[in-house]
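Participant: Here it is, the structure, as structure tokens.
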Amino acid sequence: MVAMRRYWLGVVGLICTLFFCTTLSAQAYPSPPPPTDPSILGSNIQRSMGLMATSTPNHRNTVRILFYGQSLTKMEWANLVADDLRARFPYANLIIKNRAIGGCASQCLVGPAEHDLYPFYPDLLILHVFGSHIDYEKIIRKTRSTTTADILLLTDPYSGPSDWSDKMSYTFLPKFAATYACGLVDLRRPWLQYLREQGYKPEKLLQADGHQNKQGNFLIAELVKRYLVYRPNQVVQNEPVKTFVLGKDISFEDGKLTLRFVGNRIDAISAQTKANTASSTVYIDGSRPSEFPELYSITRPNGQYGADWSERPPRGKDWPWEVGAILHVRSLTKLQVEDWTATITRFRSGTDFDFTVAGSVTGLDGSGSYADNPFVSKSGRVVIDQSAWWLDRLKDVRVTDGFTITWSVIPNFVDTYTPPKIIDPALEQITTIAQGLKNQEHTLEILSNTGQPLPIKAIRVYRPTLK
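Residues are numbered in the working numbering as their position in the sequence shown, beginning at 1, plus a constant of 54.
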């Protein structure tokens with residue numbers, strides 16, 4: 055019965071996507087040509103689509119979706135796709151972010167992806183970026199090795215003849231999709247067919263600056279939306295996420311829960327229905343999670359704005375370059391939870407300036423200049439490569455002495471687990487015990503501080519398919 059229900063859910067979802075689920079704005083434009091092979095729609099993204107499609111009013115699965123790339127991915131088509139998913143899967147708890155960075159091709163994006171993509175740990179990554187195929191593959195490979203995300207790649211839309219876009223769209227991206235088991239939306243062939251069938255020149259779907267106009271955004275959205283379907287007949291190979299249910303797969307013994315697992319992330323799902331003060335001490339491989347250097351991450355250095363471009367003011371004089379002047383901050387030594395500030399002290403040009411760095415816990419941690427390659431702070435907690443500075447690329451922002459760029463070090467772990475209060479019983483109350491571990495065998499121990507079992511419903515383990 056469950057399998058049959060899932061089958062019909064998938065059929066209904068596919069029909070809705072292909073024929074009925076269009077926005078009001080879609081009525082103003084001709085529809086794209088039908089897919090050449092409808093059976094491939096949904097390929098390699100069924101874990102995330104299944105979470106959305108099987109959500110019910112009584113059990114709302116949380117699905118994290120990230121749009122990533124450069125200016126094309128910041129455009130309205132991404133909002134149309136996000137709105138369509140919300141409309142088609144109203145019971146899913148969708149957490150959708152767009153962290154695309156305008157002007158940041160793949161050889162640029164590999165840096166901020168360390169802050170934006172891997173720590174976010176999406177269930178579904180929708181990726182389009184121009185640039186080097188080598189760095190494009192680096193992003194895909196690291197996503198595969200550090201997360202359990204479904205990955206959906208988009209080929210280039212057609213804006214005019216381009217041997218490189220042809221090479222990426224027809225050779226490299228299909229190869230990456232096959233190698234790393236990614237979904238692949240072919241924008242380029244349907245785009246050319248659409249132009250021919252409608253008698254359009256490429257400029258018909260473009261703005262003066264070369265980006266897609268409203269009709270171009272409509273076309274991208276329609277081609278992506280129809281790929282985002284639930285196909286229960288498509289078997290998910292090597293399921294990367296496994297849930298261990300308390301009382302069935304695991305149990306507390308003498309106030310201690312022990313689980314051997316293989317993976318890089320582990321979550322606890324609360325079973326309590328009311329406030330509870332019981333807590334526990336957490337150990338992984340005999341150590342507290344805070345002792346693992348890999349369980350800390352650095353947020354995107356962004357100046358006065360947050361990491362998501364959608365949270366910024368409308369484009370205009372208040373619109374800064376998206377990355378706040380530093381693409382990537384790394385470290386040589388173990389981090390600690392704190393906030394950091396880089397302050398420009400002597401600005402002469404975007405490639406000639408001095409600066410200081412200070413942490414809210416570490417304190418003043420050194421000074422340097424653009425000429426340093428790399429700059430390494432006294433503690434080793436801040437390393438900035440010369441190529442990571444983008445002060446000369448800031449737009450509509452005047453850089454003067456005192457200009458600041460800020461970022462934070464955040465924990466992807468808890469040393470003490472207290473089952474949180476469940477406010478909405480339809481939503482799983484998830485606490486990430488540790489995220490970012492080496493993708494290998496570990497032992498989790500949760501020791502109840504009262505000696506009594508904690509109200510834990512299950513433990514969920516995430517095992518990336520690529521090491």
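Glycine included, each C-beta is placed from N, C-alpha and C at the ideal position. Quantities reported herein were computed from a predicted structural model and do not represent experimental measurements.
Taking the DSSP output, what are the residues bridged to residue 108?
Facilitator: Residue 108 sits at position 54 when you count from the first residue of the sequence shown. Answer is none; residue 108 lacks a bridge partner.
Participant: Just how far apart, CA to CA, sit residue 260 and residue 465?
Facilitator: Here residue 260 refers to the residue found at position 206 when the sequence shown is read from its first residue. Here residue 465 refers to the residue found at position 411 when the sequence shown is read from its first residue. Spanning the two alpha carbons is a distance of roughly 43 Å.
Participant: Going by the CB atoms, is the gap between residue 272 and residue 496 shorter than 8 Å?
Facilitator: Working through the sequence shown from its first residue, we reach residue 496 at position 442. Working through the sequence shown from its first residue, we reach residue 272 at position 218. Taking the C-beta atoms as reference points, residue 272 is found no nearer than 8 Å to residue 496.
Participant: May I have the straight-line CA-CA distance separating residue 169 from residue 382, to the nearest angstrom?
Facilitator: Position 115 of the sequence shown, counting from 1, holds the residue named residue 169. Position 328 of the sequence shown, counting from 1, holds the residue named residue 382. Going from the Cα of residue 169 to the Cα of residue 382 covers about 8 Å.
Participant: Going by DSSP, what residues sit across from residue 319 in a beta bridge?
Facilitator: Translated into the one-based positions of the sequence shown, residue 319 becomes position 265. Answer is 489 and 516.
Participant: What is the rounded straight-line gap between the Cα of residue 392 and the Cα of residue 443?
Facilitator: Numbered from 1 along the sequence shown, position 338 holds the residue referred to as residue 392. Numbered from 1 along the sequence shown, position 389 holds the residue referred to as residue 443. Between the alpha carbons of residue 392 and residue 443 lies a gap of roughly 22 Å.
Participant: Any idea what DSSP makes of residue 91, helix, strand or coil?
Facilitator: One-based indexing of the sequence shown puts residue 91 at position 37. DSSP places residue 91 in coil when its eight states are reduced to three.
Participant: Output the residue ranges of the beta strand (DSSP E) runs that lie fully inside the segment 428-467 and measure 3 residues or longer, sorted by chain position.
Facilitator: 458-465
Participant: Okay, do the segment 457-464 and the segment 341-355 touch, 3+ Cβ pairs below 8 Å being the bar?
Facilitator: yes
Participant: Out of 89, 278, 131 and 289, which one is the CA nearest neighbour of residue 265?
Facilitator: The residue labelled residue 265 in the question sits at position 211 within the sequence shown. Residue 131 is the option with its Cα nearest to residue 265.
Participant: Give a yes or no on whether 8 Å exceeds the smallest Cβ distance from residue 135 to chain B.
Facilitator: Absence of chain B from the displayed structure is noted, only one protein chain being present.
Participant: Given this structure, state the Cα-to-Cα distance separating residue 436 from residue 422, to the nearest angstrom.
Facilitator: The count along the sequence shown starts at 1 and reaches residue 436 at position 382. The count along the sequence shown starts at 1 and reaches residue 422 at position 368. Using only the alpha carbons, I get a separation of about 11 Å.
Participant: According to DSSP, what are the bridge partners of residue 310?
Facilitator: For the purposes of this step, residue 310 is taken as residue 256 along the sequence shown, with counting starting at 1. Partner(s): 307 and 501.
Participant: Rounded to a whole number of angstroms, what is the C-alpha to C-alpha distance between residue 98 and residue 312?
Facilitator: Indexing the sequence shown from 1 puts residue 98 at position 44. Indexing the sequence shown from 1 puts residue 312 at position 258. Going from the Cα of residue 98 to the Cα of residue 312 covers about 33 Å.
Participant: Out of curiosity, what's the CA-to-CA distance linking residue 240 and residue 171?
Facilitator: Within the sequence shown, numbered from 1, the residue matching residue 240 stands at position 186. Within the sequence shown, numbered from 1, the residue matching residue 171 stands at position 117. Their backbone Cα atoms lie some 23 Å apart in a straight line.
Participant: Of all the options 504, 86, 319 and 521, which has the alpha carbon lying nearest to the alpha carbon of residue 270?
Facilitator: What you label residue 270 is simply residue 216 of the sequence shown in a count that begins at 1. Considering only alpha carbons, the answer is 86.
Participant: Alpha carbons only, please: which of 487, 473, 520 and 388 is nearest the one belonging to residue 508?
Facilitator: The count along the sequence shown starts at 1 and reaches residue 508 at position 454. Out of 487, 473, 520 and 388, 473 has the C-alpha closest to the C-alpha of residue 508.
Participant: Residue 147 bridges to which residues according to DSSP?
Facilitator: Residue numbering aside, residue 147 sits at position 93 when the sequence shown is read from its first letter. Residue 147 is bridged to 116.
Participant: Could you check which residue in 454, 340, 420 and 412 has the C-alpha nearest to that of residue 399?
Facilitator: Counting from 1 along the sequence shown, the entry for residue 399 is found at position 345. The shortest C-alpha separation from residue 399 is found at 454.
Participant: Express the C-alpha separation of residue 231 and residue 283 in angstroms, rounding to a whole number.
Facilitator: To locate residue 283, count along the sequence shown from 1; it is residue 229. To locate residue 231, count along the sequence shown from 1; it is residue 177. Cα-Cα distance, rounded: 18 Å.
Participant: Determine the burial state of residue 516: buried for a count of at least 16 other Cβ atoms within 10 Å of its Cβ, exposed for fewer.
Facilitator: Here residue 516 refers to the residue found at position 462 of the sequence shown. That one is buried.
Participant: State buried or exposed for residue 217, treating a residue as buried only when at least 16 other CB atoms are found within 10 Å of its CB.
Facilitator: Within the sequence shown, residue 217 is the residue found at index 163, counting from 1. Residue 217 comes out exposed.
Participant: Is the distance from the Cβ of residue 519 to the Cβ of residue 336 below 8 Å?
Facilitator: For the purposes of this step, residue 519 is taken as the residue at position 465 of the sequence shown. For the purposes of this step, residue 336 is taken as the residue at position 282 of the sequence shown. Cβ distance not < 8 Å, so residue 519 and residue 336 don't count as in contact.
Participant: Closer than 7 Å: is that where the CB of residue 308 sits relative to any heavy atom of the ligand MN?
Facilitator: The ligand MN is not among the ligands present in this structure, which contains no ligands whatsoever.
Participant: Grab the span of the alpha helix (DSSP H) containing residue 190 for me, first residue to last.
Facilitator: Within the sequence shown, residue 190 is the residue found at index 136, counting from 1. Looking at the DSSP string, the run of the alpha helix (DSSP H) that includes residue 190 is 187-200.
Participant: Should residue 135 and residue 278 be called a contact, given that it needs their Cβ atoms to be closer than 8 Å?
Facilitator: Counting from one through the sequence shown, the residue named residue 135 turns up at place 81. Counting from one through the sequence shown, the residue named residue 278 turns up at place 224. In contact: residue 135 and residue 278 (Cβ atoms closer than 8 Å).
Participant: Identify which residue in 210, 390, 118 and 425 has its Cα closest to the Cα of residue 153.
Facilitator: As a first step, residue 153 must be located in the sequence shown, where it is residue number 99. For the residues 210, 390, 118 and 425, the minimum Cα distance to residue 153 belongs to 118.
Participant: With contact counted as at least three CB pairs below 8 Å, one residue from each stretch, are the segment 334-349 and the segment 485-501 in contact?
Facilitator: yes
Participant: Within a Cβ cutoff of 6 Å, which residues of the same chain sit near residue 394, ignoring the five residues on either side of it in sequence?
Facilitator: One-based indexing of the sequence shown puts residue 394 at position 340. Same-chain partners within the cutoff: 413 and 461.
Participant: Just the C-alpha distance for residue 146 and residue 253, rounded to the nearest angstrom, thanks.
Facilitator: In the sequence shown, the residue the question calls residue 146 occupies position 92. In the sequence shown, the residue the question calls residue 253 occupies position 199. Straight-line Cα distance between these residues: approximately 40 Å.
Participant: By Cβ distance below 8 Å, which residues in the same chain neighbour residue 415 in space, the five residues on each side in sequence not counted?
Facilitator: Against the sequence shown, residue 415 aligns to sequence position 361. 390, 391 and 392.
Participant: Under a three-way DSSP split, which group does residue 220 fall into?
Facilitator: Working through the sequence shown from its first residue, we reach residue 220 at position 166. Residue state, collapsed to three classes: helix.
Participant: Which value, in whole angstroms, describes the spacing of the CA atoms of residue 513 and residue 482?
Facilitator: Reading the sequence shown from its first residue, position 459 is the one you call residue 513. Reading the sequence shown from its first residue, position 428 is the one you call residue 482. C-alpha of residue 513 to C-alpha of residue 482: approximately 12 Å in a straight line.
Participant: To the nearest angstrom, how far is it from the Cα of residue 109 to the Cα of residue 428?
Facilitator: Counted from its first residue, the sequence shown places residue 109 at position 55. Counted from its first residue, the sequence shown places residue 428 at position 374. Looking at the two C-alpha atoms, the distance is approximately 48 Å.
Participant: Between the Cα of residue 160 and those of 194, 148, 138 and 144, spot the shortest distance and give me the residue it belongs to.
Facilitator: Position 106 of the sequence shown holds residue 160. For residue 160, the closest C-alpha among the options 194, 148, 138 and 144 is that of 194.
Participant: Could you pull the start and end residues of the alpha helix (DSSP H) that residue 248 belongs to?
Facilitator: Within the sequence shown, numbered from 1, the residue matching residue 248 stands at position 194. Under the DSSP assignment, residue 248 falls in the alpha helix (DSSP H) whose first and last residues are 242-252.
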